[in-house]
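Chains A and E, in that order, give the protein sequences. For the first sequence, the working numbering assigns the number -12 to the initial residue and increments by one for each residue that follows. For the second sequence, the working numbering assigns the number -12 to the initial residue and increments by one for each residue that follows. Glycine included, C-beta positions come from ideal geometry on N, C-alpha and C. Computed from a prediction, not measured in an experiment: that's the story for all the values here.
Number of protein chains: 2
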Amino acid sequence: MNSFNFISPTRLCFGNDSVAMLSELLKGKYSKIMLHYGSERIKKNGLYDEVIAQLNILNVDYIELSGVEPNPKYSLVKKGIDIAKRENVDFVLAIGGGSVIDSAKAIAAGAVYDGELWDAFMGKTSIEDALPLGVILTYPATGSESSMGTVVTNEDGDLKRSIDDDLLRPVFAIMNPELTLSLPYEHTMAGITDIISHILERYFTQTENVDLTDNLSEAAIRTVMRNARILNEDLNDYNARAEIMISGTIAHNGVLGLGREDDWASHRIGHEITGLYGTTHGVTLAIIFPAWMKYVYKENTKRFARFAVEVFNIDRNNKNDEELAKAGIAAFEDFLVEIGMPTRLSEADIPVDQFALMAEKCCGNGYVGSFRKLYREDVEKIYELAK
Amino acid sequence: MNSFNFISPTRLCFGNDSVAMLSELLKGKYSKIMLHYGSERIKKNGLYDEVIAQLNILNVDYIELSGVEPNPKYSLVKKGIDIAKRENVDFVLAIGGGSVIDSAKAIAAGAVYDGELWDAFMGKTSIEDALPLGVILTYPATGSESSMGTVVTNEDGDLKRSIDDDLLRPVFAIMNPELTLSLPYEHTMAGITDIISHILERYFTQTENVDLTDNLSEAAIRTVMRNARILNEDLNDYNARAEIMISGTIAHNGVLGLGREDDWASHRIGHEITGLYGTTHGVTLAIIFPAWMKYVYKENTKRFARFAVEVFNIDRNNKNDEELAKAGIAAFEDFLVEIGMPTRLSEADIPVDQFALMAEKCCGNGYVGSFRKLYREDVEKIYELAK
């Protein structure tokens, strides 16, 4: 186990009565709140009205910035930063899924940053402060409701990049599983793919002696898979929605990665697909993760064999580690197919003629990942495997 | 799953280099620190000198209060509160195990409390503030390094009582597994019993649809058992020490109880043994938990059957839930015996002639527990089963 320094201070307010806690959470702390959300969907389902009613209890001043799109854009972040600075916003409330939260996090950081925030996304500088922010989660997937990360796409260059900093962890996350009952099938399953991927990015490590987090991670993946299968039959199952929602948070608050070197190559490789074609994040992961597994498993066949046995209950009898590893990867791909995810670029109608460009944007002259360091030519081969 | 409102803000600084982070954690934040610890052991093993060296980097003012005993006493807490008030202490640093941390928590609460703090332990009032506190953990067991609870014994009446409040969660916990390598066998195994008990107090619930936390809890118990067996052979195994240390935190920071009604009857019933005879906390749990299980399992045989299958890998074949439940309880008791714990009062030389008194002190006219509500006569029967 590696040394670690970990904090996850986000208050989790969970349950079908949780939105009513908003006024108590904000009371007496902030004077100007920015409500940040995506589309009019939150007005149609009543959530917007409930939020406004809560703010009215406090008689607190607020302004709104809507229009966040999937794969949130840096142009809207910049607009939000300008407004936040001009209006002296001191709290950002994200109402939505990962895109809204990530956009809100970037605004929260930018509002107290003097230079060009994109420099921090490009790793040229780091943030030193951020406004506090809260979340009302409507879509369990990215784990951004309690994570340290924000991922934003800069239209200037189609670059999808992230900042990871504990300053970006929300103060609170209100999580009402009822709000997720209306999510359509494809969104639900793309979110679930993202949740499992967050666990896998930590699970596939070369760090030895990580017994607790190995066991917890396997338990979490099995839980998500079991409940995904329930939702595969009935999207209205509240209990399964609740399990997926809390699993999404645990998957990415960092606790499953304690003391481990994590990977993130599949996320980075998938980001380039989204950057160019706007593909849903969870779809890129369903396509890239199995291809990544096939390309790298020999770096630690034993770990992949364990994955097969502990997650998919594949019988060790008469199989060597190599056979088990392959069987585990196949079982994972089968599961993704079972929940309706495309696992090939062609199935998602993604062009297959830009691999060199995508690999270059992904790696530059460096590499991605840590389970196996992947250079430009490796990434190109992974795109090939995902055709 | 029940609704929940959860926060676990403690920063975990983990690793064999973690004590060196102390000065950075305290820097610029506090002006008068109370060092709180137990015996001279921390002076013999070099930890004390390392702490002082860190404080000297900061040139911060500090005072010391040592002398915390196992099952920390309210008399010392009162002394600490007086000193903290008089000296304007603004941070309490606990250096030790659960007793020291719990004593420090009580001082932190009492230092900003006007009345008699014991009233809060007796549930007559609640605390509204506490000084910030930090921990350097030397003994993994109680999980107090990130939990919301403190347990203190008032010599006036031999009452062992607790306060549970998020205000008592430490700001940081420094966790160096090397500091635990010198713990003797009995202490090590008593701590491990406590850790497993913290998971079980949450695991045995009547709350339905708690899939994720069920699976995580089973994974955590299996991890602790596996590493306990490694330490049973070799107390110097650093990796196993590290797994036990982080497991102790996860077992009791509350994450495994999310959305569940937890029980705590076994802790309460065990506390009365300690209150009267000063018995080590972990020993009381090894004795009471199996007896409690035998007394209550019929309230939810299915859950106990699951415990047998998922934790002890007992084969379902040809066994009904009742048989599985009994086999699971027996397997748990066997495990405790395997790691050298007494599982009967007689084995720990505890008198068996005060059951009525202990049961009365435990329950008064009320009850303990939630898996099954246990009244005075039930508790007496559990002591009988533990003879």
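Count the other CB atoms within 10 Å of the CB of residue i; is the residue buried (16 or more) or exposed (fewer)?
{"i": "Leu344/A", "result": "exposed"}
{"i": "Asp302/A", "result": "exposed"}
{"i": "Asp336/E", "result": "exposed"}
{"i": "Glu297/A", "result": "buried"}
{"i": "Ser253/A", "result": "buried"}
{"i": "Pro171/E", "result": "exposed"}
{"i": "Val79/A", "result": "buried"}
{"i": "Met8/A", "result": "buried"}
{"i": "Val122/E", "result": "buried"}
{"i": "Asn214/E", "result": "buried"}
{"i": "Lys92/A", "result": "buried"}
{"i": "Ser18/E", "result": "exposed"}
{"i": "Ile88/A", "result": "buried"}
{"i": "Ile44/E", "result": "exposed"}
{"i": "Ile237/E", "result": "buried"}
{"i": "Asn304/E", "result": "exposed"}
{"i": "Glu115/E", "result": "exposed"}
{"i": "Ile39/E", "result": "exposed"}
Are the Cβ atoms of residue i and residue j separated by less than 8 angstroms?
{"i": "Thr125/A", "j": "Gly84/A", "result": "yes"}
{"i": "Ile260/A", "j": "Ser5/A", "result": "no"}
{"i": "Met135/E", "j": "Asp106/E", "result": "no"}
{"i": "Leu406/A", "j": "Thr210/E", "result": "The structure shown does not extend to residue 406/A, since chain A is modelled only from -12 to 374, so the question has no answer here."}
{"i": "Asn3/A", "j": "Gly130/A", "result": "no"}
{"i": "Ser90/A", "j": "His185/A", "result": "no"}
{"i": "Leu372/A", "j": "Lys281/A", "result": "yes"}
{"i": "Asp145/A", "j": "Gly262/A", "result": "yes"}
{"i": "Phe(-9)/E", "j": "Leu203/E", "result": "no"}
{"i": "Ser333/E", "j": "Val339/E", "result": "yes"}
{"i": "Leu42/A", "j": "Val55/A", "result": "no"}
{"i": "Phe159/A", "j": "Cys0/A", "result": "yes"}
{"i": "Leu13/A", "j": "Val47/A", "result": "yes"}
{"i": "Thr330/E", "j": "Ala312/E", "result": "no"}
{"i": "Arg363/A", "j": "Val283/A", "result": "no"}
{"i": "Gly25/E", "j": "Ser113/E", "result": "no"}
Note down, in chain order, every chain E residue with its Cβ under 7 angstroms from the Cβ of residue i.
{"i": "Arg383/A", "result": "Look at the range of chain A in this structure, -12 to 374, and you will see that residue 383/A is not part of it."}
Find the residues of chain E that neighbour residue i, judging by a C-beta separation of less than 9 angstroms, and give them in chain order.
{"i": "Phe(-7)/A", "result": "Arg(-2), Leu(-1), Cys0 and Phe1"}
Kindly list, in the order they appear in chain E, the residues whose Cβ is closer than 8 angstroms to that of residue i.
{"i": "Asn196/A", "result": "Asn226, Ala229 and Glu230"}
{"i": "Glu205/A", "result": "Ala206"}
So residue i contacts chain A; which residues on that side make the cut at Cβ distance below 7 angstroms?
{"i": "Thr210/E", "result": "Asp198, Leu199 and Asn202"}
{"i": "Ser5/E", "result": "Ser(-10)"}
{"i": "Arg73/E", "result": "Chain A residues near Arg73/E: none, gap ~31 angstroms exceeds 7 angstroms."}
{"i": "Ser234/E", "result": "Leu199"}
Which chain A residues are close to residue i, counting only those with a beta carbon under 8 angstroms from its beta carbon?
{"i": "Gly265/E", "result": "By Cβ distance, chain A contributes nothing, its closest Cβ being about 32 angstroms from Gly265/E, past 8 angstroms."}
Measuring alpha carbon to alpha carbon, tell me which residue in the options is nearest residue i.
{"i": "Pro57/A", "options": "Gly97/A, Arg73/A, Pro157/A and His174/A", "result": "His174/A"}
{"i": "Val99/A", "options": "Glu37/A, Ser133/A, Asp250/A and Asp69/A", "result": "Asp69/A"}
{"i": "Ile(-6)/E", "options": "Asn304/E, Glu364/E and Val242/E", "result": "Val242/E"}
{"i": "Glu188/A", "options": "Pro119/A, Asp151/A, Asp249/A and Glu195/A", "result": "Asp249/A"}
{"i": "Leu52/E", "options": "Ala71/E, Leu45/E and Pro127/E", "result": "Ala71/E"}
{"i": "Phe299/A", "options": "Glu37/A, Ile208/A and Gln193/A", "result": "Ile208/A"}
{"i": "Glu27/E", "options": "Glu74/E, Ile82/E and Gln41/E", "result": "Ile82/E"}
{"i": "Arg156/E", "options": "Asn305/E, Phe322/E, Pro164/E and Ala96/E", "result": "Ala96/E"}
{"i": "Val138/A", "options": "Val283/A, Ile94/A and Asn(-11)/A", "result": "Ile94/A"}
{"i": "Asp365/A", "options": "Phe294/A, Ile275/A and Glu310/A", "result": "Ile275/A"}
{"i": "Ile29/E", "options": "Ile182/E, Pro127/E and Leu166/E", "result": "Leu166/E"}
{"i": "Ser234/E", "options": "Lys374/A, Ile50/A, Val197/A and Asn226/A", "result": "Val197/A"}
{"i": "Pro127/E", "options": "Ala292/E, Ala278/E, Glu230/E and Glu103/E", "result": "Glu230/E"}
{"i": "Gly33/E", "options": "Ile150/E, Met(-12)/E and Ser169/E", "result": "Ser169/E"}
Output, in chain order, the set of chain A residues within a Cβ distance shorter than 9 angstroms of residue i.
{"i": "Ile326/E", "result": "Under the 9 angstroms cutoff, chain A gives no residues; its nearest Cβ is about 17 angstroms from Ile326/E."}
{"i": "Ile237/E", "result": "Leu199, Leu203, Val242 and Leu245"}
{"i": "Arg213/E", "result": "Asp198 and Asn202"}
Is the CB of residue i under 8 angstroms away from at least one CB in chain B?
{"i": "Leu166/A", "result": "Chain labels in this structure do not include chain B; the protein chains are A and E."}
Selection of the stretch 157 to 188 of chain A by Cβ proximity to chain E, strictly under 8 angstroms: none
What residues in the stretch 241 to 273 of chain A bring their beta carbon closer than 9 angstroms to a beta carbon of chain E? Val242, Leu245 and Gly246
Could you run through the stretch 283 to 310 of chain E and flag, in chain order, every residue whose CB is less than 9 angstroms away from some CB of chain A? none
Give the residues from the stretch 115 to 145 of chain A that approach chain E closer than 7 angstroms (Cβ to any Cβ), ordered along the chain. none
Using a Cβ-Cβ cutoff of 8 angstroms, what residues of the stretch 38 to 60 of chain E are near chain A? List them in chain order. none
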